[in-house]
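**Q** I'd like to ask you about the structure that follows.
Numbering (this note's numbering), first residue to last: 1 to 129.
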């Protein structure tokens, strides 16, 4: 199951982590998105709060399976308009790492790279190089 919640879109883009865990559900994602809104407001960061996740245990998947799941998740977010530097910037969270975030960026850039000048800003936490 895939989830992404945007708690507040008064200040775009929204910003929040992407969690891979057996325990992810809609209520948790929505609650964490609202907490991200408050955290960003307190820190005076001009973004709305977001949060996402996939209900999987990443330690039980092969590297190839994890890549396919991550790219599928990214494609679903693209279809729904829930990702992009000006819309919703994904970040790493529990169960994700630089490799996962780089797969998200690569998938987004392959689909939107020619039309979105800021495509590389679709997520944080990716490999620097």
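C-beta atoms are modelled at their ideal positions from N, C-alpha and C, and glycine is treated no differently.
Small disclaimer: the values here were computed from a predicted structure and weren't measured.
Tell me, please, whether the segment 46-60 touches the segment 88-98 by the rule of three or more beta-carbon pairs shorter than 8 Å.
**A** yes
**Q** I need the straight-line Cα distance from residue 31 to residue 74, nearest angstrom please.
**A** Taking the chain shown and counting its residues from 1, one reaches residue 31 at position 31. Taking the chain shown and counting its residues from 1, one reaches residue 74 at position 74. Taking the straight line joining both Cα atoms gives about 21 Å.
**Q** Is the beta carbon of residue 89 less than 8 Å from the beta carbon of residue 13?
**A** For this step, residue 89 is matched to residue 89 along the chain shown. For this step, residue 13 is matched to residue 13 along the chain shown. In contact: residue 89 and residue 13 (Cβ atoms closer than 8 Å).
**Q** Do residue 84 and residue 51 have their C-beta atoms within less than 8 Å of each other?
**A** Translated into the one-based positions of the chain shown, residue 84 becomes position 84. Translated into the one-based positions of the chain shown, residue 51 becomes position 51. No, the pair does not count as a contact, with Cβ atoms beyond the cut-off.
**Q** For residue 93, does the three-state DSSP call read helix, strand or coil?
**A** On the chain shown, residue 93 is found 93 positions in, with the first residue counted as 1. DSSP places residue 93 in coil when its eight states are reduced to three.
**Q** Residue 49 and residue 34: beta carbons closer than 8 Å?
**A** Stepping through the chain shown from its first residue, residue 49 is reached at position 49. Stepping through the chain shown from its first residue, residue 34 is reached at position 34. Against a cut-off of 8 Å, the Cβ pair of residue 34 and residue 49 comes out as a contact.
**Q** Can you check whether the CB of residue 29 is closer than 8 Å to the CB of residue 5?
**A** Locating residue 5 in the chain shown gives position 5, where the first residue counts as 1. Locating residue 29 in the chain shown gives position 29, where the first residue counts as 1. In this structure, residue 29 lies closer than 8 Å to residue 5 by Cβ.
**Q** Looking at the unbroken alpha helix (DSSP H) that takes in residue 3, where does it start and where does it end?
**A** In the chain shown, the residue the question calls residue 3 occupies position 3. Residue 3 -> not in any alpha helix (DSSP H); beta strand (DSSP E) instead, spanning 2-6.
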